[in-house]
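For the sequence shown, counting from 1, position 204 maps to 208 in this note's numbering; every step adds exactly one. A virtual CB, placed ideally from N, CA and C, is assigned to each residue, including glycine. Below is one structure, written out as structure tokens; comments come after it.
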Amino acid sequence: MSQFADRRVFLASTTLLMGAAYMPGCAKGQTETKRFAIALHGGAGQSPKEDTAGAVMVSLGKALDIGVDVLKQGGTSLDAVEQVIQFLEDDPLFNAGRGAVFNAAGQHELDASIMDGKTLGCGGVAGVRTVQHPISLARLVMEKTEHVLLATDGAEKFADEMGEKIVRVKNSWFSTKKRQEELEKAQKAAKNKQANIHSTDLYHSTVGCVALDSHGNLAAGTSTGGRTNKNYGRVGDSPIIGAGTYANNATCAVSGTGLGEQYIRHAVGFNISARMAYLKQPLKDAVHEVLYKTLDPDDGGLIAVSSVGTIEMDYTTAGMARAAADSTGFREVKIGR
Ligand code: ASP
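Okay, structure coming up:
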């Protein structure tokens, strides 16, 4: 064996022995890498009202099972994230895809993004109006273009070019009675100056998912209709890489939910990753710092998974619909504390 080969074997075995201790995000008791880990959210705000809480929990559980199945079979974190979010986009209980909120003009403009922690490849779409699964269009932006974010007419045209890969629907397909009522209530309250898009008395129900797969790769994705009664053309944090969505194998994967303007202003996803990279903070501390010290109370919540499979799900609102599981058998579905 040459001297160099010798040295490589030595380095490789030391890294194997010591690797876990040097993994970013490894605080005491977090040294073991999990084979896979996944977390998802169904939005922050008030907890869903009693009449829908049960149904939300059932849906979160089903979405979690979809992601766990992909990861158990050795699938990629990107596939798990996309499939979980597709499922939630089709469920009218959530503010993504069907069931999306109305903007002030009485229409639906959808935002989504996805990021691959291995390559830092990412894609987002903003203000799309006829795409059943905005998360899948975001993935195609990542995989088929040189760009990171396509918006409105350009994103719709890109969807045309993708042909059968992207299912198209009428804008009214996203509408539900419940969202129509929420719009009417919000517009009445806004007229009396009682509320803005940061209304804290609503369950906002954006969706997101983060995952670590058995190949050691992280991914994150987020999808939303935005905020009820938002301005026509308003873009939130969900399609913005570094704000609502971020993933980097060196640190963590994050998906946020809350007042998008705040998440953009404070680059929430990247901020958490940067704290881990530069300050060597464990995931828990980085999340805590950003949620409780950088953002304002009641701004929202987030889910995150580190490169060793540590899961964090926290929020400063009254509740956040969320679920998580990992390869050790841990499983949780919750909407309140
Ligand atoms: N963050 C989303 C937005 O501002 C909404 C939410 O998560 O409730 O568009």
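Hey, is SER242 close to the ligand ASP, as in C-beta under 8 Å from one of its heavy atoms? The count along the sequence shown starts at 1 and reaches residue 242 at position 238. Short note on SER242: C-beta closer than 8 Å to some heavy atom of the ligand ASP.
So, is THR332 buried or exposed, given that buried needs 16 or more other C-beta atoms within 10 angstroms? Position 328 of the sequence shown holds residue 332. Exposed, by the Cβ-count rule.
Proximity to ALA223 [Cα-Cα], best of THR210, GLN198 and ALA43: As a first step, residue 223 must be located in the sequence shown, where it is residue number 219. Residue ALA43 is the option with its Cα nearest to ALA223.
Is the stretch 137 to 145 in contact with the stretch 110 to 127, if contact means three or more CB pairs nearer than 8 Å? Contact annotation: the stretch 137 to 145 touches the stretch 110 to 127, with at least three C-beta pairs closer than 8 Å.
Residues bridged to GLU336 (per DSSP): Against the sequence shown, residue 336 aligns to sequence position 332. Partner(s): ALA328.
Selection from ALA329, THR232, LYS181 and GLU185 that minimises the alpha carbon distance to ASN200: Residue mapping note: residue 200 aligns to position 196 of the sequence shown, counting from 1. For ASN200, the closest alpha carbon among the candidates ALA329, THR232, LYS181 and GLU185 is that of THR232.
Using alpha carbons as the reference points, say which of THR228, TYR236 and LYS234 lies closest to THR249. Within the sequence shown, numbered from 1, the residue matching residue 249 stands at position 245. Cα-wise, what sits closest to THR249 is THR228.
Could you give the DSSP three-state label for ARG172: helix, strand or coil? Working through the sequence shown from its first residue, we reach residue 172 at position 168. For ARG172, the three-state secondary structure derived from DSSP is strand.
Residues that DSSP places opposite GLU316 in a beta bridge: The residue labelled residue 316 in the question sits at position 312 within the sequence shown. The partner list for GLU316 (beta bridge, DSSP) reads ALA308.
Buried versus exposed call for TYR236 [16 or more other C-beta atoms within 10 Å across all chains shown]: Taking the sequence shown and counting its residues from 1, one reaches residue 236 at position 232. TYR236 is exposed by the Cβ-count criterion.
Would you kindly work out how many angstroms separate the C-alpha atoms of THR149 and GLY158, rounded to a whole number? Working through the sequence shown from its first residue, we reach residue 149 at position 145. Working through the sequence shown from its first residue, we reach residue 158 at position 154. As the crow flies, the alpha-carbon of THR149 is around 12 Å from that of GLY158.
Hey, is HIS270 close to the ligand ASP, as in C-beta under 8 Å from one of its heavy atoms? Here residue 270 refers to the residue found at position 266 of the sequence shown. Not under cutoff, so the answer is no.
Given 8 Å as the limit, tell me if HIS208 has its C-beta closer than that to any heavy atom belonging to the ligand ASP. For this step, residue 208 is matched to residue 204 along the sequence shown. Within the chosen limit of 8 Å, the ligand ASP reaches the beta carbon of HIS208 through at least one heavy atom.
Given 8 Å as the limit, tell me if ASP115 has its C-beta closer than that to any heavy atom belonging to the ligand ASP. Locating residue 115 in the sequence shown gives position 111, where the first residue counts as 1. Indeed, a heavy atom of the ligand ASP lies less than 8 Å from the Cβ.
Whole-angstrom C-beta distance between SER277 and VAL291, which should lie under 8 Å: In the sequence shown, residue 291 corresponds to position 287, counting from 1. In the sequence shown, residue 277 corresponds to position 273, counting from 1. Not really, about 11 Å apart at Cβ, beyond 8 Å.
Confirm the yes/no value for this check: CB of GLY264, any heavy atom of the ligand ASP, distance under 8 Å. Looking up residue 264 in the sequence shown gives position 260. The beta carbon of GLY264 sits closer than 8 Å to at least one heavy atom of the ligand ASP.
Does the count of Cβ pairs from the stretch 45 to 53 and the stretch 298 to 311 closer than 8 Å reach three? Verdict: yes, contact present.
Sufficient close CB pairs (3 or more, under 8 Å) joining the stretch 96 to 116 to the stretch 209 to 218: The stretch 96 to 116 vs the stretch 209 to 218: in contact.
Closer than 8 Å is the cut-off here; do at least three beta carbon pairs connect the stretch 67 to 82 with the stretch 107 to 114? In short, these stretches do not touch, since the Cβ pair count stays below three.
Three-state secondary structure assigned by DSSP to ALA142: Working through the sequence shown from its first residue, we reach residue 142 at position 138. Under the three-state reduction of DSSP, ALA142 is assigned to helix.
Tell me, please, which residues DSSP counts as bridged to ILE276. As a working mapping, residue 276 is identified with position 272 in the sequence shown. BP columns for ILE276 are empty, so no partner.
Can you tell me which of the three DSSP states ALA254 falls into? Numbered from its first residue, the sequence shown carries residue 254 at position 250. Under the three-state reduction of DSSP, ALA254 is assigned to coil, being neither helix nor strand.
At 3 residues or longer, and completely inside the stretch 61 to 147: list those beta strand (DSSP E) runs for me, N to C. The stretch 61 to 147 contains these whole beta strand (DSSP E) runs: 114 to 120 and 126 to 132.
Mind checking who VAL214 pairs with in its DSSP beta bridge? On the sequence shown, residue 214 is found 210 positions in, with the first residue counted as 1. Bridge partners of VAL214: ALA43 and ALA224.
What is the rounded straight-line gap between the Cα of ASP94 and the Cα of SER51? Residue numbering aside, residue 94 sits at position 90 when the sequence shown is read from its first letter. Residue numbering aside, residue 51 sits at position 47 when the sequence shown is read from its first letter. Going by the C-alpha atoms only, they are around 21 Å apart.
Using only the alpha-carbon positions, how far apart do ASN175 and LYS338 sit? Start at 1 with the first residue of the sequence shown, and residue 175 comes out as number 171. Start at 1 with the first residue of the sequence shown, and residue 338 comes out as number 334. When rounded, the distance between both Cα atoms is 31 Å.
Determine the burial state of THR226: buried for a count of at least 16 other Cβ atoms within 10 Å of its Cβ, exposed for fewer. To locate residue 226, count along the sequence shown from 1; it is residue 222. Classification for THR226: buried.
Cβ atoms of GLY262 and GLY273: under 9 Å apart, would you say? Mapped onto the sequence shown, residue 273 falls at position 269. Mapped onto the sequence shown, residue 262 falls at position 258. In this structure, GLY262 does not lie closer than 9 Å to GLY273 by Cβ.
I need the DSSP call for LEU283, collapsed to helix, strand or coil. Looking up residue 283 in the sequence shown gives position 279. If DSSP states are grouped into helix, strand and coil, LEU283 belongs with the helices.
Give me the Cα-Cα distance between THR314 and ASN196, rounded to the nearest whole angstrom. The sequence position of residue 314 within the sequence shown is 310, counting from 1. The sequence position of residue 196 within the sequence shown is 192, counting from 1. Inter-residue distance for THR314 and ASN196 is about 45 Å (C-alpha atoms, whole angstroms).
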